[in-house]
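Let me begin by presenting the structure, written as structure tokens, before commenting on it.
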Amino acid sequence: MTKKNKKREETGHSSIHSSNSLLIRLKDIYYNQQRVINVVTVGVLVCVIAILAYILYYIPRQQDKAELAIYKAEQYFAMDS
């Protein structure tokens, strides 16, 4: 018997007959790979926050600067005409 099977038998959980065997397997996977899962989760959250900050704060500021520059160019063009 492997360590995982022995551990399940000691706790009284059967992976075949238990209705929450999927939950038990997910818990086992999480506890075995906890560090990797946490690092990946934090990395994804940081990327999502960075993308949202770019979309919500940086792009509108650049849009305002571009509109101002175009306005000035249009004014100079209108003076030439």
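Count the sequence shown with my numbering and you get residues -17 to 63, in order.
Even glycine gets a Cβ: it sits at the ideal position worked out from N, Cα and C.
query                                                                                              : result
Pairwise C-alpha distance: I31 and K9                                                              : 28 Å
Simplified DSSP state of N20, which is helix, strand or coil                                       : helix
Whole-angstrom distance between C29 and D46, CA atom to CA atom                                    : 25 Å
Neighbourhood of Y125 by C-beta, 7 Å cutoff - its chain only, sequence neighbours within 5 removed : This structure cannot settle anything about residue 125, because the visible part of the chain is limited to -17 through 63.
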